[in-house]
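Down below is the structure, laid out as structure tokens.
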Amino acid sequence: KERNIYYTINGVGKVDEVFERLCQAIDNSLTKQWMNVVLLGPPGSGKGTQGEIIAKRHALGYIPTGTLLRREIKEGTDIGHRAKPYMEKGEIVPDEIAVKLIERELHLTSKVRGFVFKGFPRTMVQAYILDGMLKKLNSSVTIAIELKVPTLECFKRLTMRAKTDKARTYDKDPELIIHRLEEFEQKTSLVKQYYKNQNKLIKVDGTGDVAEVSDRISEVIDKVARMGR
11 KERNIYYTIN GVGKVDEVFE RLCQAIDNSL TKQWMNVVLL GPPGSGKGTQ
61 GEIIAKRHAL GYIPTGTLLR REIKEGTDIG HRAKPYMEKG EIVPDEIAVK
111 LIERELHLTS KVRGFVFKGF PRTMVQAYIL DGMLKKLNSS VTIAIELKVP
161 TLECFKRLTM RAKTDKARTY DKDPELIIHR LEEFEQKTSL VKQYYKNQNK
211 LIKVDGTGDV AEVSDRISEV IDKVARMGR
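This note's numbering puts the first residue of the sequence shown at 11, with every later residue one more than the last.
Rendered as structure tokens:
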């Protein structure tokens with residue numbers, strides 16, 4: 011009752027009638043429940059592809075930090091000018107830049123019962139601030155999903171992406187790719203431990219077909235939703 015996930019159901023009547031009431035109660039509970047997903051994983055792990063799929067599948071707002079920053083750079087905004095030097099070198103942008111962007115997106119995105127955060131938080135400061143921003147919405151991070159992909163596979167994916175129209179500036183430089191992979195491990199290890207300490211971190215195999223990976227992620231999200239975490 012304290013967590014507002016306790017329901018009473020009329021158990022009198024035919025089995026089919028009671029079962030229908032039970033299903034209705036479950037459906038109502040799931041539609042009211044917020045689901046905030048932090049998607050973690052190294053560059054090349056497929057966060058962008060999976061984040062978009064998962065957000066649509068579960069009717070969640072999608073906040074892809076990297077994509078939004080690149081748009082700011084293209085449009086020549088203040089955030090874009092400040093982020094550009096870091097993005098060009100494949101480095102994590104300062105906390106204040108990322109936080110300002112996320113805060114704006116949370117206010118712009120409405121009529122959803124949760125979000126998929128891709129590329130945020132990447133530092134402990136960002137993790138704490140995200141908690142504060144969601145608390146203002148009477149919500150919190152529900153689950154942090156880490157896509158597990160071998161480093162060599164990530165490197166191969168990024169070098170392949172360099173040959174497509176989705177290429178980033180840093181995809182074409184092997185040294186920058188290695189730098190980004192190393193920086194991810196250094197900067198986000200504490201963030202992963204933070205969510206692990208809260209029993210919110212779940213690792214998902216990020217190898218295989220896109221559909222296979224998205225099904226694995228959805229299975230985890232559905233399970234967490236049923237548990238009412």
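Even for Gly, the Cβ is constructed at its ideal location relative to N, Cα and C.
Might you give, ordered along the chain, the residues of its own chain that have their beta carbon closer than 7 Å to the beta carbon of residue i, omitting 5 neighbours on each side?
i                : result
proline 74       : Gly58, Gly61, Lys128, Gly129
leucine 211      : Ala154, Glu156, Lys202, Tyr205
aspartate 105    : Thr133, Val135, Gln136
threonine 217    : Val159, Glu163
leucine 32       : Ile19
phenylalanine 29 : none
Could you give the DSSP three-state label for residue i: helix, strand or coil?
i              : result
aspartate 183  : coil
proline 1      : Residue 1 is absent from the structure shown; the chain starts at 11 and stops at 239.
valine 151     : coil
glutamate 98   : helix
leucine 70     : coil
valine 28      : helix
lysine 158     : strand
isoleucine 83  : helix
aspartate 219  : coil
lysine 202     : helix
isoleucine 19  : coil
valine 122     : coil
valine 230     : helix
lysine 146     : coil
methionine 237 : helix
valine 103     : coil
glutamine 57   : In the sequence under discussion, the amino acid at residue 57 is lysine, which differs from the glutamine named in the question. Looking at lysine 57 - three-state DSSP - the assignment turns out to be helix.
lysine 210     : coil
What's the call for residue i, buried or exposed, on a 16-neighbour Cβ count within 10 Å?
i                 : result
glutamate 82      : buried
glutamate 12      : At glutamate 12, the pLDDT of 49 sits below 50, so the modelled position is not reliable; the number obtained from the coordinates is stated separately. Classification of glutamate 12: exposed, given that the 10 Å Cβ count is below 16.
serine 55         : buried
asparagine 46     : buried
glycine 21        : exposed
leucine 200       : exposed
threonine 198     : buried
isoleucine 19     : exposed
phenylalanine 194 : buried
leucine 147       : exposed
valine 220        : exposed
threonine 152     : buried
Excluding five sequence neighbours on each side, which residues of the same chain lie with their C-beta closer than 6 Å to the C-beta of residue i?
i                 : result
glutamate 192     : none
aspartate 141     : none
lysine 84         : none
valine 103        : Ala93, Tyr96
threonine 119     : Gly71
glycine 76        : Gly129
phenylalanine 125 : Asn46, Leu70, Gly71, Ile73
lysine 99         : none
Here's a check: name, in chain order, each residue in its chain whose Cβ is nearer than 8 Å to the Cβ of residue i, leaving out the five neighbours to either side.
i             : result
isoleucine 89 : Leu79, Glu82, Ile107, Lys110, Leu111
valine 164    : Sequence check: residue 164 is cysteine here, not valine. Same-chain partners within the cutoff: Pro52, Pro53, Gly54, Ser55, Leu191.
glutamate 27  : none
arginine 228  : Note that residue 228 corresponds to serine in the displayed sequence, not to arginine. Within the same chain, serine 228 has close Cβ partners Ile64, Arg67, His68.
Tell me, to the nearest whole angstrom, how far the beta carbon of residue i is from that of residue j; I am working on the premise that it is less than 8 Å.
i           : j              : result
leucine 116 : methionine 143 : 6 Å
leucine 168 : aspartate 181  : 5 Å
alanine 69  : valine 122     : 7 Å
valine 214  : valine 230     : 6 Å
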